[in-house]
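Chains S and A, in that order, give the protein sequences.
Numbering-wise (our numbering), the first sequence opens with residue 1133 and increments by one.
Numbering-wise (our numbering), the second sequence opens with residue 1133 and increments by one.
Structure first, commentary second.
2 protein chains.
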Amino acid sequence: MTGSSIVVLTGGIGGAKLVVGLSHLLPADQLTAIVNTGDDFTHLGLRISPDMDTLLYTLAGLADPEKGWGRVNETWNFMAALRAVGGADWFALGDADLALHVERTHRLAAGETLSTVSGRFAERLGVRIRMTPMTDQPVTTRLSTDEGELDFQAYFVRRRCQPKVRAIDYIGAADAQVSPGAREALQAPGLAAILIAPSNPWLSIAPILALPGMRQAIRNAGVPVVVVNPLPGGRAVKGPTAKIMAELGLKRSAASIATFYDGLASAILLDDADAPLDRPHGFTNTIMHDLPDRIRVARAALELAAR
Amino acid sequence: MTGSSIVVLTGGIGGAKLVVGLSHLLPADQLTAIVNTGDDFTHLGLRISPDMDTLLYTLAGLADPEKGWGRVNETWNFMAALRAVGGADWFALGDADLALHVERTHRLAAGETLSTVSGRFAERLGVRIRMTPMTDQPVTTRLSTDEGELDFQAYFVRRRCQPKVRAIDYIGAADAQVSPGAREALQAPGLAAILIAPSNPWLSIAPILALPGMRQAIRNAGVPVVVVNPLPGGRAVKGPTAKIMAELGLKRSAASIATFYDGLASAILLDDADAPLDRPHGFTNTIMHDLPDRIRVARAALELAAR
């Protein structure tokens, strides 16, 4: 690698682990996370950005280490009171978590961009790496299922990933623009590599890649692009990746992941449980239970990029 | 009294005490509270109805008995998290209280009226008397002060009633309509009396009376109209009534209160500490510390109406 800065494309939980690992290996101003916003939705009038918030909470040390989402030491009195007056309670909103949704919605309504609002949240919570939404325009990941069309959160939370997925669309992506922060990071002269976090390719990374110019910007960067296999040994660490792959008629293997990123990724970081592939790859234990795991996987991805 | 139903015009804290007293003396379907919404405002994008909520919480047994506003056993994690990301924290929003603001804002945005939303909240929380906002249109009580124009909450909460009040306007009142519930209650054939709670006349009752047709509807009812003196012995129980009267050049006495209601009220329930007036009146200890106090004052008001 000739440059020194790193861009990572990421969704929520799994990706956030890699970003935390990277944040321990790189100066904060050399790391930019471009975050999926296809899961964003409006609930009870509040604009919610689940992947942005998961990354924010994880980097700020505020994430709930047990649940994998939401905040540590969260309380749920809002939900109890909402239920008491007959409000929709299928999406759990913690009392502290709610502050970000209310403030974000308020500031977006006042004309600020999601980038600006998110940047302020990160700054106030002491997050020093750059984290930018993939776009400032609304994009909605919508699944065609055997129960009809479902937005991501309806599928993921309300229906607990039970419906069979037939196709996935990224509504609004064609009319959205890559966010200024993402564009700037991908065009930075000092860029050394682009990493793709072990997030769900179809649900978390594809919305990013669906933005006009995003694939081209990644190619134009002219740097190694390394994917961390989100399906170690053919099994999803968390979430519906494996289930969705089966429903989409794909073999559940690292090879399918590599095929998904054909023409974009220059190498794939495989799990020790994976079979070797006939394309550039590296191996590590990609399961990230604790911080040393996260740093190890981040280092392995950086080393693969540098090879 | 020939009829059997009672209407009470009320603001928040002081008025709610009288309404609770009345609710112990009358069948629930015979009592309608017409509630001031001039203090309603939009904060952080949320539509907040302080007097409606104070009455709701008080009647539902959810009010904080110490503070006089908000909910009992409230938690404040939303506020702490909001402060951490730089949100406006001058107006305290409890975690459970917030549920009503979010749900109300959401339902109003969906096209429901404040009457409908409030009715559902009351029903869900087990409040059986009828409580209706004075209007479903936005009315804003605005104070001209030595610090400029201030909406009620900015004056009351942010500036803690410190600015000197020169005039008070009820923005939007001239274009607002008396709510269906208020109109129906005032026109009910069985109406026996209209009470005016010991709320601040200028801040809590005047917005109600400023609605087109409201004064006429009260007169047309042809029933006794009894005011409970909100300034026992010339001193406000709570809030800025006495201060505002001084700033408006009014003598702080029950006589000034009676003058304010000239042409509308047929009698005034005075405090034992007040001097007699040369108009119909009754006496009781109008300070309402506990439930027996509230029932006693409510009974005295009903008896004065029946004389």
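For each residue, glycine too, the CB sits at the ideal point set by N, CA and C.
Would you tell me roughly how many angstroms separate the C-alpha atoms of Thr-1248(A) and Ile-1337(A), rounded to the nearest one? A direct Cα-to-Cα measurement between Thr-1248(A) and Ile-1337(A) gives close to 22 Å.
Measure from the C-beta of Gly-1113(A) to each C-beta in chain S and report whether the shortest distance is under 9 Å. Outside the shown range of chain A, which is 1133 to 1439, sits residue 1113(A), and nothing can be said about it.
Any beta-carbon of chain S closer than 9 Å to the one on Ala-1241(A)? True, the Cβ-Cβ gap to chain S drops below 9 Å.
Between the CA atoms of Gln-1285(A) and Asn-1209(A) - distance to the nearest angstrom: Cα-Cα distance, rounded: 22 Å.
Note down, in chain order, every chain A residue with its Cβ under 8 Å from the Cβ of Phe-1210(S). Within chain A, the residues Phe-1210, Asp-1227, Ala-1228, Leu-1230, Ala-1231, Val-1234 have their CB atoms less than 8 Å from the CB of Phe-1210(S), given in chain order.
Presumed contact (8 Å Cβ cut-off) between Trp-1201(S) and Ile-1145(S), rounded CB distance: About 7 Å; that satisfies the 8 Å criterion.
For Asp-1301(A), name the three-state secondary structure that DSSP assigns. Of the three classes helix, strand and coil, the one that applies to Asp-1301(A) here is strand, per DSSP.
Is Leu-1401(S) near Thr-1373(S), with beta carbons less than 9 Å apart? Contact flag unset, no.
With H, G and I counted as helix, E and B as strand and the rest as coil, what does DSSP make of Ile-1138(A)? Ile-1138(A) falls in the strand class under three-state DSSP.
Runs of alpha helix (DSSP H) lying entirely within the region 1381-1435 of chain A, each at least 4 residues, in chain order: You should have 1386-1392.
Give me the chain S residues within the contact set of Arg-1252(A), using Cβ-Cβ distance strictly less than 9 Å, ordered along the chain. The answer, in chain order, is Val-1217, Gly-1218.
Can you check DSSP and say which residues form a bridge with Thr-1441(S)? Because chain S in this structure spans residues 1133 to 1439, residue 1441(S) falls outside the shown range and cannot be described.
Which word fits Arg-1292(A), buried or exposed, when buried means at least 16 other C-beta atoms lie within 10 angstroms of its C-beta? By the Cβ neighbour-count rule, Arg-1292(A) is exposed, with fewer than 16 other Cβ atoms within 10 Å of its own.
Within-9 Å CB hit, Thr-1237(A) to chain S: With 9 Å as the cut-off, Thr-1237(A) counts as an interface residue toward chain S.
So, is His-1156(S) buried or exposed, given that buried needs 16 or more other C-beta atoms within 10 angstroms? Classification for His-1156(S): exposed.
May I ask you to verify whether the region 1244-1259 of chain A touches the region 1251-1261 of chain S, counting CB pairs closer than 8 Å and requiring at least 3? Using a Cβ-Cβ distance cut-off of 8 Å, the region 1244-1259 of chain A and the region 1251-1261 of chain S are not in contact, since fewer than three pairs of beta carbons, one from each stretch, lie closer than that value.
Run through DSSP, which three-state label would Leu-1282(A) get? Three-state DSSP puts Leu-1282(A) in a strand.
Please return the same chain residues whose Cβ sits closer than 7 Å to the Cβ of Asn-1332(A), not counting the five positions on each side in sequence. Closer than 7 Å at the Cβ level, and outside the excluded window around Asn-1332(A), lie Gly-1143, Pro-1362, Gly-1371, Thr-1373.
In whole angstroms, what separates the C-alpha of Gly-1313(S) from that of Arg-1347(S)? About 16 Å.
Would you say Ala-1213(S) reaches chain A, if we count a Cβ-Cβ gap shorter than 9 Å as a contact? True, the Cβ-Cβ gap to chain A drops below 9 Å.
Per-residue contacts from Arg-1347(S) into chain A (C-beta, under 9 Å): Residues of chain A passing the Cβ test: none, with the nearest at roughly 33 Å.
Hey, out of Ala-1325(S), Gly-1251(S), Asp-1404(S), Thr-1391(S), whose CA is closest to Pro-1364(S)'s CA? That would be Asp-1404(S), whose Cα lies nearest to the Cα of Pro-1364(S).
For Pro-1182(A) and Val-1359(A), what's the separation of their Cα atoms in angstroms? Annotation: Pro-1182(A) to Val-1359(A) spans about 22 Å, alpha carbon to alpha carbon.
The region 1211-1222 of chain A contacting the region 1228-1241 of chain S, beta-carbon criterion three pairs below 8 Å: By the criterion of at least three beta-carbon pairs nearer than 8 Å, the region 1211-1222 of chain A is in contact with the region 1228-1241 of chain S.
Where Arg-1274(A) falls, given that 16 or more other Cβ within 10 Å makes a residue buried: Arg-1274(A) is buried by the Cβ-count criterion.
Using C-beta distances below 8 Å, list every residue in its chain close to Tyr-1302(A), excluding the 5 sequence neighbours before and after it, in chain order. The residues are Gly-1170, Val-1271, Thr-1272, Thr-1273, Arg-1274, Ala-1338, Pro-1339, Ala-1342.
For a quick check, are the C-beta atoms of Leu-1191(S) and Val-1152(S) less than 9 Å apart? Yes, these two residues count as a Cβ contact at 9 Å.
Using the Cα positions of Ala-1317(S) and Ala-1353(S), report the straight-line distance between them to the nearest angstrom. Answer to the nearest angstrom: the Cα atoms are 10 Å apart.
9 Å Cβ cutoff met for Ile-1389(A) and Leu-1335(A): No, the Cβ-Cβ distance between Ile-1389(A) and Leu-1335(A) is not below 9 Å.
Let me know if Thr-1391(S) comes out buried or exposed under the rule of 16 or more other beta-carbons within 10 Å of its beta-carbon. Around the beta carbon of Thr-1391(S), fewer than 16 other beta carbons sit within 10 angstroms, so the residue counts as exposed.
Continuous beta strand (DSSP E) stretch holding Ala-1325(A): start and end: 1323-1328 is the span of the beta strand (DSSP E), which, as asked, contains Ala-1325(A).
Of the residues Pro-1408(S), Ala-1306(S), Asp-1268(S), which one's Cα is nearest the Cα of Gly-1366(S)? When the alpha-carbon of Gly-1366(S) is set against those of Pro-1408(S), Ala-1306(S), Asp-1268(S), the nearest one is in Pro-1408(S).
Short check: CB of Ala-1195(S) to CB of Arg-1203(S), under 9 Å? Result yes, Cβ atoms of Ala-1195(S) and Arg-1203(S) sit closer than 9 Å.
Flag this pair as yes or no: are the beta carbons of Val-1167(A) and Gly-1147(A) separated by less than 9 Å? Gly-1147(A) sits close to Val-1167(A), with the two beta carbons spaced by under 9 Å.
Scan the region 1178-1263 of chain A and note each continuous beta strand (DSSP E) run of 3 residues or more that stays entirely inside, going in chain order. Taking only runs of at least 3 residues, the beta strand (DSSP E) segments lying wholly in the region 1178-1263 of chain A are 1178-1180.
Is the beta carbon of Thr-1237(S) closer than 9 Å to that of Gly-1251(S)? Not a contact, by the Cβ cut-off of 9 Å.
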